[in-house]
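Novice:
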Amino acid sequence: MRLFGFGLVMVASTFFQAQAATGYSKQFIQCMSQSSGQTANKEKCLKKELKAHQKLLKGNYKNYLKVNPQRVETIKQEHRRFEKQRDQQCNMTSTGKYAKVQQYECALAMTIEQSNRYESRSKVIKR
(Lines of atoms letter the chains of each structure in order from A and count residues from 1; the text may use other names and numbers.)
(Lines give C-alpha, C1' and ligand atoms only; values in the text may rest on other atoms or scores of the structure.)
Protein backbone atom coordinates (compact mmCIF):
# COMPACT_ATOMS: atom_id res chain seq x y z
CA MET A 1 0.00 0.00 0.00
CA ARG A 2 2.84 2.39 0.82
CA LEU A 3 4.43 1.69 -2.54
CA PHE A 4 1.15 2.51 -4.27
CA GLY A 5 0.85 5.79 -2.36
CA PHE A 6 4.43 6.71 -3.19
CA GLY A 7 3.84 5.88 -6.85
CA LEU A 8 0.72 8.01 -6.90
CA VAL A 9 2.62 10.96 -5.43
CA MET A 10 5.39 10.54 -8.02
CA VAL A 11 2.92 10.43 -10.92
CA ALA A 12 1.07 13.49 -9.60
CA SER A 13 4.34 15.30 -9.06
CA THR A 14 5.47 14.57 -12.61
CA PHE A 15 2.11 15.71 -13.98
CA PHE A 16 2.24 19.01 -12.14
CA GLN A 17 5.88 19.59 -13.08
CA ALA A 18 4.97 19.16 -16.73
CA GLN A 19 2.10 21.58 -16.30
CA ALA A 20 4.32 24.11 -14.54
CA ALA A 21 5.53 25.36 -17.91
CA THR A 22 2.03 26.68 -18.55
CA GLY A 23 2.01 28.84 -15.48
CA TYR A 24 1.47 26.90 -12.26
CA SER A 25 3.46 28.36 -9.37
CA LYS A 26 6.08 26.35 -7.49
CA GLN A 27 4.03 26.82 -4.32
CA PHE A 28 0.99 25.27 -6.01
CA ILE A 29 2.94 22.27 -7.26
CA GLN A 30 4.38 21.74 -3.79
CA CYS A 31 0.97 22.20 -2.15
CA MET A 32 -0.65 19.64 -4.46
CA SER A 33 2.21 17.19 -3.94
CA GLN A 34 1.74 17.46 -0.19
CA SER A 35 -2.06 17.27 -0.27
CA SER A 36 -1.93 13.48 0.16
CA GLY A 37 -4.84 13.23 -2.24
CA GLN A 38 -7.21 14.66 0.36
CA THR A 39 -10.00 16.62 -1.28
CA ALA A 40 -10.03 19.45 1.27
CA ASN A 41 -6.27 19.99 0.92
CA LYS A 42 -6.42 19.92 -2.87
CA GLU A 43 -9.31 22.38 -2.81
CA LYS A 44 -7.30 24.83 -0.69
CA CYS A 45 -4.32 24.60 -3.05
CA LEU A 46 -6.47 25.08 -6.13
CA LYS A 47 -8.46 27.95 -4.63
CA LYS A 48 -5.30 29.86 -3.70
CA GLU A 49 -3.70 29.31 -7.12
CA LEU A 50 -6.90 30.29 -8.92
CA LYS A 51 -7.09 33.52 -6.94
CA ALA A 52 -3.50 34.38 -7.90
CA HIS A 53 -4.14 33.65 -11.58
CA GLN A 54 -7.39 35.62 -11.58
CA LYS A 55 -5.38 38.61 -10.35
CA LEU A 56 -2.82 38.02 -13.12
CA LEU A 57 -5.63 37.65 -15.67
CA LYS A 58 -7.10 40.98 -14.58
CA GLY A 59 -3.76 42.72 -15.01
CA ASN A 60 -3.12 41.17 -18.42
CA TYR A 61 -6.66 42.04 -19.50
CA LYS A 62 -6.22 45.69 -18.48
CA ASN A 63 -2.88 45.85 -20.30
CA TYR A 64 -4.44 44.26 -23.39
CA LEU A 65 -7.14 46.94 -23.35
CA LYS A 66 -4.52 49.66 -22.93
CA VAL A 67 -2.44 48.61 -25.95
CA ASN A 68 -5.56 48.17 -28.13
CA PRO A 69 -7.59 51.36 -27.58
CA GLN A 70 -9.33 50.99 -30.94
CA ARG A 71 -10.73 47.56 -29.94
CA VAL A 72 -11.85 48.19 -26.35
CA GLU A 73 -15.52 47.26 -26.84
CA THR A 74 -14.71 44.13 -28.84
CA ILE A 75 -12.17 43.00 -26.24
CA LYS A 76 -14.67 43.60 -23.42
CA GLN A 77 -17.27 41.50 -25.26
CA GLU A 78 -14.72 38.73 -25.81
CA HIS A 79 -13.84 38.81 -22.11
CA ARG A 80 -17.48 38.51 -21.07
CA ARG A 81 -17.84 35.54 -23.45
CA PHE A 82 -14.75 33.94 -21.91
CA GLU A 83 -16.16 34.34 -18.39
CA LYS A 84 -19.52 32.89 -19.45
CA GLN A 85 -17.87 29.99 -21.27
CA ARG A 86 -15.58 29.26 -18.31
CA ASP A 87 -18.54 29.23 -15.91
CA GLN A 88 -20.55 26.95 -18.21
CA GLN A 89 -17.71 24.61 -19.10
CA CYS A 90 -16.49 24.32 -15.53
CA ASN A 91 -20.07 23.99 -14.25
CA MET A 92 -19.61 26.44 -11.41
CA THR A 93 -23.04 25.60 -10.01
CA SER A 94 -22.31 21.93 -9.18
CA THR A 95 -22.23 20.85 -5.56
CA GLY A 96 -20.26 18.31 -3.59
CA LYS A 97 -16.69 18.31 -2.33
CA TYR A 98 -15.05 16.55 -5.28
CA ALA A 99 -17.11 18.63 -7.72
CA LYS A 100 -15.44 21.73 -6.28
CA VAL A 101 -11.97 20.31 -6.96
CA GLN A 102 -12.93 19.58 -10.56
CA GLN A 103 -14.43 23.06 -10.94
CA TYR A 104 -11.29 24.72 -9.58
CA GLU A 105 -9.06 22.59 -11.84
CA CYS A 106 -11.11 23.54 -14.88
CA ALA A 107 -11.35 27.23 -14.00
CA LEU A 108 -7.63 27.39 -13.23
CA ALA A 109 -6.65 25.85 -16.57
CA MET A 110 -8.95 28.15 -18.52
CA THR A 111 -7.86 31.23 -16.56
CA ILE A 112 -4.17 30.51 -17.16
CA GLU A 113 -4.81 29.98 -20.86
CA GLN A 114 -6.77 33.23 -21.21
CA SER A 115 -4.24 35.20 -19.18
CA ASN A 116 -1.41 33.90 -21.38
CA ARG A 117 -3.44 34.82 -24.45
CA TYR A 118 -3.90 38.41 -23.25
CA GLU A 119 -0.25 38.66 -22.33
CA SER A 120 0.96 37.41 -25.72
CA ARG A 121 -1.41 39.75 -27.59
CA SER A 122 -0.27 42.72 -25.51
CA LYS A 123 3.34 42.55 -26.59
CA VAL A 124 4.32 45.61 -28.59
CA ILE A 125 6.82 44.92 -31.32
CA LYS A 126 9.55 47.56 -31.26
CA ARG A 127 11.19 48.51 -34.54
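Mapped onto our numbering, the consecutive letters of the sequence shown carry residue numbers 40 to 166. All C-beta atoms, glycine included, are put in the ideal place defined by N, C-alpha and C.
#1: Work out the CA separation of T150 and N111 for me, nearest whole Å.
#2: Is the number of C-beta pairs between the segment 76-88 and the segment 132-141 that are closer than 8 Å three or more?
#3: Would you tell me roughly how many angstroms separate the C-alpha atoms of L95 and S154, rounded to the nearest one?
#4: Assign K105 to one of two classes, buried (16 or more other C-beta atoms within 10 Å of its C-beta) or exposed (fewer than that).
#5: Return the CA-CA distance between Y157 and K115, expressed in angstroms with no decimal places.
Specialist: Well, looking at it:
#1: Note that residue 111 corresponds to Val in the displayed sequence, not to Asn. If you take the alpha carbons of V111 and T150, they lie about 20 Å apart.
#2: yes
#3: 7 Å
#4: exposed
#5: 12 Å
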